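Report on one structure; see the data block that follows.
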Amino acid sequence: MKKNRVVSVVALGAVAAMGLSACGGGTSSSNNNGGGGTTTPGFGAAVGKVFNPSDTKGGTLRFANSGDWDSLDPADTYYGYSWNFIRNYGRGLVVFKSAPGAEGNKLAPDLAEKLGEPSNDAKTWTYKLRKGIKYEDGTEVKSKDVKYAVLRSLDKTTFPNGPTYLGDFLAVPDGYKGPYSDPNVDAITAIETPDDYTIKFNLKTSFSGFDYFMALPSTIPVPQAKDTGTKYKEHVISTGPYKFETNELGKKFVLTRNEHYDPASDPDTGRKPLADKLQVELNVNADDVDNRLQSGDLDISIEGTGVQAAGQAKVLNDQALKAKADNPVNARTWFTVLNSDVAPLDNIDCRKAVLFAADKTAYQRSYGGATGGDIATSLMPPVIPGQKKIDLYEALTKPEGDVDKAKEALTKCGKPDGFNTVISYRAERPKEKATAEAMQQALGRVGIKLEIKPFPLADYTKLYVGKPDYAKANGIGLIIYGWGADWNDGFGFMQQIVDSRVIRAAGGNTNLGIRLPEVDSTIDEALKETDTAKREALWAKTDELVMQNAAALPGVWSKGLLFRPENLTNVFVAEAFGMYDYTAIGTSRK
Amino acid sequence: MTTNPEDSLAEVGDVPPSTLPASRADKIGHRFLEVRDLRVHFPTDDGIVKSVDDLSFGVDRGQTLGIVGESGSGKSVTSLSVMGLHKKGTARISGEVLLDGENLVGASEERVRGLRGKRMAMIFQDPLSAMHPYYTVGSQIIEAYRIHNKVTKQVARKHAIDMLDRVGIPNPKSRADDYPHQFSGGMRQRAMIAMALSCDPELLIADEPTTALDVTVQAQILDLIRDLQQEFNSAVIIITHDLGVVAELADDIMVMYAGRAVEYSTASEIFNSPQHPYTWGLLRSMPRLDRERTARLVPIKGTPPSLINVPDGCPFNPRCPHTALTGGASHSEVPVLRDLGHGHRAACHLSAADRARLWNDNEGQTSG
Amino acid sequence: MPRRIVAASQATTPSTVLTYIVRRLIGAVILLFVVTAVTFSIFFLVPRIAGATSEDLASRYVGKTAGAEQIHEMAQKLGFTDPLYVQYGRFAKGLIVGSEYNTGTAIEQCPAPCLGYSFLKQNPVLPDILGRLPVTISLAAGAALIWVLAGVATGVLSALRRGTIFDRSAMMIALAGVSLPIFFTGMLSLSIFRDGLGWSIGGSFYKPLTEDPLLWFSSLSLPWITLAFLYAAQYARLTRAGMLETMNEDFIRTARAKGLPERTVVVKHGLRSALTPILTIFGLDIGLLLGGAILTETTFSLPGIGQYAVIAVANNDLPQVLGVTLTGAFFIVIANLVVDLMYAVVDPRVRTA
C-alpha cells in the first residue's frame, strides 16, 4: 500500500483515464473515461477528472456556508465538508488523497511516512512520522503531539460533536475522560510513543480498517502547551498549507499561507495549495449563496450539499448554467428501515411484501428524480469499494413495484389482505414527506395501510424512532431515514446502521431496527480481515444479507447538484466527500 | 344705480340716502367692509350646495354688525369668505368683498394672506380646539404678531403679555407660558381675542364667540369685545344664532336664512318692529326677562332646508305659517330684500299691513 | 373695565414627573423579569409536558453516541435535574450578580448581567449578542432615518395633494411596499444591483463603521433601502391619514386666519400635531427592530441579532434563545418607556394627566 508517486495534474488525469474501476462514476451522468483534464465547460466536467487544470498560484478563494461549523477544532467536528476543508490547516497521520475519481477514495500517508503497520491480530497499529514537519510557529511536530490530540478528542464532554470511533476501539481505561480530567497523559498506554517519531495504537479488539480511523481529524496534532481547551477553536495551530489569519466566530474566517508548511514533506497526499487566501463566510442566506455563485460573487458553497431546491430547476433547464454543474454521487443512501420489533414485520415474508410492493420510481421522484440520485437496489452505495450490484426485488426491472409478487408474499406470511402499520418521517424534510405519501399509495395497492407520522428532526433518533421502546410501543413499522458514510468503506457505511449491537435502549440510535445475527457475525469477520479484497467482499455480503432478509427498503443512492463558477481552476469532485476537493482548487480571479 | 324701492325686482343693496340717519347716509357704500352680491357655491358629488346667495352688507369702524341665523344659514360661510379662508378649488365665490375699498374676491392669495391678522382678524367658537394644543398661548400670540411685524422675540413677547393684560387675564407674564388647556373657558376665549387683536386689525369677526361658554362668562366676553372695540375703534361682526347675544352689542343686525339675508336693519328696529316671519320666530323662541316665566317658548316648526335643493319661491315657505296670505307668491317667487323705509330691509311677500297686524297680535298674546 | 376673574390653573410640579418616571422604570424591570420567567418556563415545561425527561433534554448536548451514564452526568452538570424554580432562580441570580460555569477544562466567568451560557457553543451568550448589536443598531438607525424622512414627506405631500396623480401613485407604491414581503424585495434588490449591475453591495461585506466606513456603508445600503421601503410605505399612509385629519382641525383654520404662510401652517401647526401618534408607532417599531430585524438580516446575511436568533432557534439552543428574547424584550420595554416620556414632552396636555 505504499504509494510514492509525485503528484501532478497530468499524471492524475492520466490515472483517472485508466478507468480505475467504474465504482466511483458508474452512474448515469458522469463520464469517467475522458482523457486527462478538460477546460471545456460541460455538465459533469469535474466528476472523475480535473476541470480547468492549473498550477497557477494566487488569488483568494471565497467560500460561503449557509450555517456554521460545529467546530473548527479537529477534535470536535463531524461535518463532511469540515473533514474535507480541515486538510488545509491540519495534517493528520493519514488522509484521503486529493485526486479525482476513485483515486480520491484512497488513503495516503500525511504526517506518517506510510500507511499503518498492523500487528498480526490487527490489534496494534504502528506509524512512523516524517521528520521536520512544523507547526505555523515553527516548532516541530512530535509523536506525543499526535497522542495528545487523540486523547483530548476522547473527552466527549468538552468535545461532544466529534466521532467516537477511537474511544470505542482504543484500549483506554474504562470511563477515561480525557487529559483535562486526567492530566497524566503518559499513563495511558493505549497509545505509545517510544520515540519522537513513532506512535503505536493498542486496540481493544482487532480492527482491520484502522487506517481509516487515522484519517479522522482527531489525529491532527495539538501542542499540549498551547491547548486552550474550548477556546482552541478560536485559533487552531496549523500544520497544513494554510493558517488562520482572522477568525470571527459565527461570522467569517480567513486563512493565509503557512510559511512553515513544506511541500517537500507532503509528497503523497495530492494537496495543491493554489490560492493565497481562503475566505469563508458563515451564516449566509442559502438561496443567496446560489445567486452569488451564479453571479460570480462567490466561488464555492462549502457545505457541498449543492444547489438549493429552488435553484435546481433553473440550473438544469438553462444550458449555459447546466454546463457549469456537476452531479456527483455521494456516499449516501436514502432508505426505509423495516422495524422487526413491530408485528407483522417480524415475519420475513411480510417484509418482502413491502419491498415488492414499493414504488421505487416514486421514491426516486421524491428525492428530485434522476438528478437527486439513482434508484438503490441495496443499501450500500456504489462509491463504496467492493460494492456488489444485487437486485432481489426487481427495483430496476419493475421499478413501479410488483403487485403480484407482493400479494404472494402477503399470503405466505398469513396476511393475504394486507396489514396496518405506521410510517415515520422527519417533519422538516419535504422529500421524506413525499416518500411517506408515495409509499402509502404504493403499499395501499396490496392492502398494506400506512398511517403517516412526522417527528421533529432534532429528536428523531434521540427520543422517538431511535428509541426502541418508543418505536415498538407506537407501532412504528417503517422508518424513513438516510445515511451517509463517515468514510467510503464497508465499515464506514454499514456498521452503524446494520450492526444490531450498536442498538441502545437509551435512544439516539443509528440502527433503527435491523437485527440479523448473520450480519453481526459477518461484521466481526470483516473487522479482523486485513486483506482488502476479502474484507470488501465481507462487507458486500452484509449488504446482501440485509436484502435477503428484507430488513430495509433501499430508496435512492444520493447525488448532489454542484455549481462550478467560471473562475474556479483545478476543480474536481473528491469522491471521499462527494463534493469538490477543497485542498487542490484554485481561482483565476486575482 | 338707484331704483324704485317699492319695485319687487329692485336690486339689493342700494338705498336712497335720504331715508337713512344722516351720520350713516354718506357712509353707505364706503364702509370699511362692503360685501356686495356675495355668492358662495360648493360643487359636490350630490349637487351644488348654495351656501350663500346674493348677500350684501357692510360694517364700518366703530360699528358692530350682528349676523343671526340657524346652523346652515350661511353665516359662517360668509365670514370665512370675507377672510378668504375657503380652500381654493372647493368654493365658487363671486361678488365683491371690499375691505377698505380693496376687492378681496379674486385677489391673489398672497395679498389676502397679508391682510389676515393684520387688517382683519377672526375669533372662533371653541377656543380649546381653535388654539394649537402644543404651543403656549404666549408663543401663539407672538407668532401672530411677528408675522406682520418685524420685531425681535423679546419685543413681541412684551407685546403679547400686554395684550393678555388688556383682555383681562391676571398674571399675564406667567400665563403667557401656559398652554391653552390650562386656561378656563372664559380666559381661553380672552386669550384668543388677545391673539386676534394683537396686530390691531380694523375688522374683527367673532364667530359664535360665546356659544361654548357659561352664561356668566358670556357677558364678560361680550363686554370685553365692546370695550376693545371702543379702544381700537374696530369694525366688529358678531355671528350668532342667539339674538340675545347681539341685543346689546350690535348696531345693525342681519338675519340670514338659507344663505340669504331675510331681514337687515338696526338692532332696535329688529327687536321692536321685526318685519319677517323668521325673525318673529327667533324672537318668540328666545327666553326674555319681560315675558311671563311660565309662558311657553315657541320654537319654529320644521328644519332648515337643504342647500342643494332650495325650495322654490321663498326658502322659508315650508316653515312659514303665513304663506296663505301671499296668494301663492311664497311658493313661486323668491322675495328680494327691499327697503321698507328707514333703511329697514326685509325679504317677504307679506304686505306691510299684514306684517304689522301679525306681529302686534302675537306680541299681545305673549306679553303681559 | 373688563372684570377680572382669576382662572384656575393646573400646575405640574417636578416631583410628579419624577415619580411618574420612577414608577415606569420599576414597572419595566418587573416586566422584563416576567418575560424571562415565561420564556424560561416555556422551554422547560413544554418538552416535559410532552413526556421528555431531563436526560432527554441533556442528550442534545452530548455527542452522537454518548452512553446513558454520560447523558445523566450532563443532565446534572447542566442542572436539568433541579426543579424549575431552582433553575430559574439560578438564571435570575446570574442576571443580577453574574455566575460561573464549569466547562470541564476551566471555570468560565459570566459577569452580570449574565444572560446565560450556551453549552452548545461553549461560551457566554451576552458577549455574542453585544458583538452583534452594532450591526442591528446600524441597520435600524439607518433605515429609520430613511423611512421617517421619506415616509413622512411622502405622506404630507400626498395629504396636501389629495386626489392628484401624485397622491394616487404614491399610495399605490405604498401599498406595494406594505404588501410585498421583505425577503422578496430584498432578494430582488440583490439580484438587480449585486448580480445584475455588478455592484459590490450586500450584507455579507459588513465591516464595522469604525473599521471600514465604505464597506459598512455598502453592506448596509441595500438592507437600509429594502427595510426602509417597507416602513416608509406604512409611515406614508399613516402620515397622510394623520395629516388629512389634522388639517381639518380648528387650529389650522386659526393659523391661516392669523395670516401665517401656508408652509408654516402645514409644518409647524399641521405636521407637528399629526406626528404625535406616529411618534408612538416609531418608538415601538425601533424597539422591535433593535430586537433583531430577523427577515432582513437573514436575507442579506447580516451578522446581527436577528440572524443570531434564527441560528439559536435552529440549534434549539435554549440559553441563546433566552438571551435573544431578553434582549429583544429589553429594547421593546425601553422603547415603550421612552415613547411614553416623549409623549409627555411633545404633548403638553399629557403632562397634567
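For the protein sequence lines, the chains are A, B and C, in the order given.
Using the working numbering, read the first sequence as starting at 191 and increasing by one per residue.
Using the working numbering, read the second sequence as starting at -9 and increasing by one per residue.
Using the working numbering, read the third sequence as starting at 995 and increasing by one per residue.
The C-beta atom is built at its ideal place from N, Cα and C for all residues, glycine as well.
Bear in mind that the values here come from a model prediction, so they are computed numbers and not experimental data.
- Message: Give me the DSSP bridge partner(s) of phenylalanine 391(A).
- Response: Within the first sequence, numbered from 1, the residue matching residue 391(A) stands at position 201. Answer is Trp315(A) and Ile381(A).
- Message: Could you tell me the alpha carbon to alpha carbon distance between proline 299(A) and tryptophan 273(A), rounded to whole angstroms?
- Response: To locate residue 299(A), count along the first sequence from 1; it is residue 109. To locate residue 273(A), count along the first sequence from 1; it is residue 83. One alpha carbon belongs to proline 299(A), the other to tryptophan 273(A), and they sit about 16 angstroms apart.
- Any beta-carbon of chain A closer than 7 angstroms to the one on serine 1183(C)? The residue given as residue 1183(C) occupies position 189 in the third sequence. Taking Cβ atoms only, chain A never reaches closer than 7 angstroms to serine 1183(C), which makes this a no.
- Within chain B, partners of leucine 1254(C) - CB distance below 9 angstroms: Against the third sequence, residue 1254(C) aligns to sequence position 260. Within 9 angstroms Cβ-Cβ: Arg103, Arg106, Gly107, Glu133, Ala134 and Ile137.
- Report the partner residues of serine 491(A) according to the DSSP bridge assignment. Translated into positions along the first sequence, residue 491(A) becomes position 301. According to DSSP, serine 491(A) bridges with Ala254(A).
- Query: Of the residues Val1304(C), Ser1183(C) and Phe1177(C), which one's Cα is nearest the Cα of threonine 1293(C)?
  - Reply: Your numbering for residue 1293(C) matches position 299 in the third sequence. For the residues Val1304(C), Ser1183(C) and Phe1177(C), the minimum Cα distance to threonine 1293(C) belongs to Phe1177(C).
- methionine 153(B) touches chain C at which residues, Cβ-Cβ below 8 angstroms? As a working mapping, residue 153(B) is identified with position 163 in the second sequence. The contacting residues do not exist; methionine 153(B) stays about 13 angstroms from chain C at best.
- What is the rounded straight-line gap between the Cα of aspartate 733(A) and the Cα of isoleucine 1195(C)? Against the first sequence, residue 733(A) aligns to sequence position 543. Against the third sequence, residue 1195(C) aligns to sequence position 201. About 52 angstroms.
- Query: Would a check of beta-carbon distances place proline 162(B) closer than 7 angstroms to chain C?
  - Reply: The residue you call residue 162(B) lines up with position 172 of the second sequence. Contact with chain C is absent for proline 162(B), since none of that chain's Cβ atoms lies less than 7 angstroms from the residue's Cβ.
- For tyrosine 654(A), does the count of other Cβ atoms within 10 angstroms reach 16, so buried, or fall short, so exposed? Sequence index remark: in the first sequence, residue 654(A) carries index 464 (1-based). Burial call: buried.
- Should proline 1207(C) be flagged as near chain F, meaning a C-beta pair shorter than 7 angstroms? Protein chains in the displayed structure are A, B and C, and chain F is not among them.
- Item | the segment 417 to 437 of chain A / the segment 318 to 329 of chain A touching (three or more Cβ pairs under 8 angstroms) | A contact exists between the segment 417 to 437 of chain A and the segment 318 to 329 of chain A.
- Can you give me, in chain order, the residues of the segment 1230 to 1249 of chain C that have a beta carbon less than 9 angstroms from any beta carbon in chain B? Glu1243, Asp1244, Phe1245, Ile1246, Arg1247, Thr1248 and Ala1249
- With 16 other CB atoms within 10 Å as the buried threshold, where does asparagine 310(A) fall? The sequence position of residue 310(A) within the first sequence is 120, counting from 1. Label assigned to asparagine 310(A): exposed.
- So what does DSSP say about aspartate 329(B), is it helix, strand or coil? Taking the first residue of the second sequence as position 1, residue 329(B) is located at position 339. Aspartate 329(B) falls in the strand class under three-state DSSP.
- Query: Under 9 angstroms Cβ-Cβ, which residues of chain C neighbour asparagine 481(A)?
  - Reply: For the purposes of this step, residue 481(A) is identified with residue 291 of the first sequence, where counting begins at 1. Within chain C, the residues near asparagine 481(A) are Met1181, Leu1184, Ser1185, Arg1188 and Asp1189.
- Task: Take every Cβ of the segment 236 to 248 of chain A, pair it with every Cβ of the segment 393 to 406 of chain A, and state whether three or more of those distances are shorter than 8 angstroms.
- Result: no
- Could you have a look at valine 763(A) and say whether DSSP puts it in helix, strand or coil? Reading the first sequence from its first residue, position 573 is the one you call residue 763(A). If DSSP states are grouped into helix, strand and coil, valine 763(A) belongs with the strands.
- Item | Neighbouring residues, chain A, relative to threonine 1292(C) (Cβ below 8 angstroms) | For this step, residue 1292(C) is matched to residue 298 along the third sequence. For threonine 1292(C), the chain A residues whose Cβ falls inside 8 angstroms of its Cβ are Asn475, in order along the chain.
- Message: Measuring only the C-alpha atoms, how far is aspartate 1288(C) from valine 1304(C)?
- Response: Start at 1 with the first residue of the third sequence, and residue 1288(C) comes out as number 294. Start at 1 with the first residue of the third sequence, and residue 1304(C) comes out as number 310. Here residue 1288(C) turns out to be isoleucine, not aspartate, going by the sequence shown. Spanning the two alpha carbons is a distance of roughly 7 angstroms.
- Item | Same chain only: Cβ atoms within 6 angstroms of alanine 766(A), ignoring 5 sequence neighbours per side | Taking the first sequence and counting its residues from 1, one reaches residue 766(A) at position 576. For alanine 766(A), where only same-chain residues beyond five positions count, the Cβ hits under 6 angstroms are Phe286, Gly294, Asn295 and Asn678.
- Task: Return no unless some Cβ of chain B is closer than 7 angstroms to the Cβ of alanine 1251(C).
- Result: Translated into positions along the third sequence, residue 1251(C) becomes position 257. Yes, because at least one Cβ of chain B sits closer than 7 angstroms to the Cβ of alanine 1251(C).
- Message: Between histidine 266(B) and chain C, is the shortest Cβ-Cβ distance under 7 angstroms, so that the two count as touching?
- Response: If you number the second sequence from 1, residue 266(B) lands on position 276. False, the Cβ-Cβ gap to chain C never drops below 7 angstroms.
- Whole-number beta carbon distance between lysine 332(A) and glycine 359(A), since they are thought to touch under 8 angstroms: Mapped onto the first sequence, residue 359(A) falls at position 169. Mapped onto the first sequence, residue 332(A) falls at position 142. The sequence shown places phenylalanine at residue 359(A), rather than the glycine named in the question. Incorrect: roughly 24 angstroms between the Cβ atoms, too far for contact.
- Query: Grouping DSSP H, G and I as helix and E and B as strand, with all else coil, what is cysteine 540(A)?
  - Reply: The count along the first sequence starts at 1 and reaches residue 540(A) at position 350. Correct three-state label for cysteine 540(A): helix.
- Contact list for the segment 1261 to 1276 of chain C against chain B, Cβ threshold 9 angstroms: Lys1262, His1263, Arg1266, Ser1267 and Thr1270
- Query: Is the distance from the Cβ of alanine 741(A) to the Cβ of leucine 528(A) below 7 angstroms?
  - Reply: Taking the first residue of the first sequence as 1, we reach residue 741(A) at position 551. Taking the first residue of the first sequence as 1, we reach residue 528(A) at position 338. Their beta carbons are under 7 angstroms apart, which means alanine 741(A) touches leucine 528(A) by this criterion.
- Message: Measuring only the C-alpha atoms, how far is valine 412(A) from cysteine 1108(C)?
- Response: For the purposes of this step, residue 412(A) is identified with residue 222 of the first sequence, where counting begins at 1. For the purposes of this step, residue 1108(C) is identified with residue 114 of the third sequence, where counting begins at 1. Approximately 32 angstroms between the Cα atoms of the pair.
- glutamine 172(B), DSSP secondary structure in three states: Here the question's residue 172(B) lines up with position 182 in the second sequence. The answer is helix: DSSP assigns glutamine 172(B) an H, G or I state.
- Below 8 angstroms on the Cβ atoms is my guess for serine 1295(C) versus valine 474(A); work out the distance and round it to an integer in Å. Here residue 1295(C) corresponds to residue number 301 of the third sequence, with the count starting at 1. Here residue 474(A) corresponds to residue number 284 of the first sequence, with the count starting at 1. Serine 1295(C) to valine 474(A), Cβ: 4 angstroms. Contact.
- Between Asn262(B), Ala314(B), Asp344(B) and Ile38(B), which lies nearest to serine 296(B) when the distance is taken from Cα to Cα? The sequence position of residue 296(B) within the second sequence is 306, counting from 1. Residue Ile38(B) is the option with its Cα nearest to serine 296(B).
- Range covered by the beta strand (DSSP E) that runs through aspartate 659(A): One-based indexing of the first sequence puts residue 659(A) at position 469. Careful: aspartate 659(A) lies outside any beta strand (DSSP E), inside the alpha helix (DSSP H) at 658 to 663.
- Which class does asparagine 350(B) belong to by DSSP, given the choice of helix, strand or coil? Here residue 350(B) is taken as the residue at index 360 of the second sequence, counted from 1. Reduced to three states, the DSSP call for asparagine 350(B) is helix.
- With a 10 Å radius around its C-beta and 16 neighbouring C-beta atoms as the bar for buried, classify proline 289(B) as buried or exposed. As a first step, residue 289(B) must be located in the second sequence, where it is residue number 299. With fewer than 16 Cβ atoms within 10 Å of its Cβ, proline 289(B) is classed as exposed.
- Message: With a threshold of 8 angstroms, are at least 3 pairs of Cβ atoms found where one atom belongs to the segment 277 to 292 of chain A and the other to the segment 356 to 373 of chain A?
- Response: no
- Inter-residue Cα distance where the pair is tyrosine 124(B) and alanine 1249(C): Sequence index remark: in the second sequence, residue 124(B) carries index 134 (1-based). Sequence index remark: in the third sequence, residue 1249(C) carries index 255 (1-based). Whole-angstrom Cα-Cα distance: 13 angstroms.
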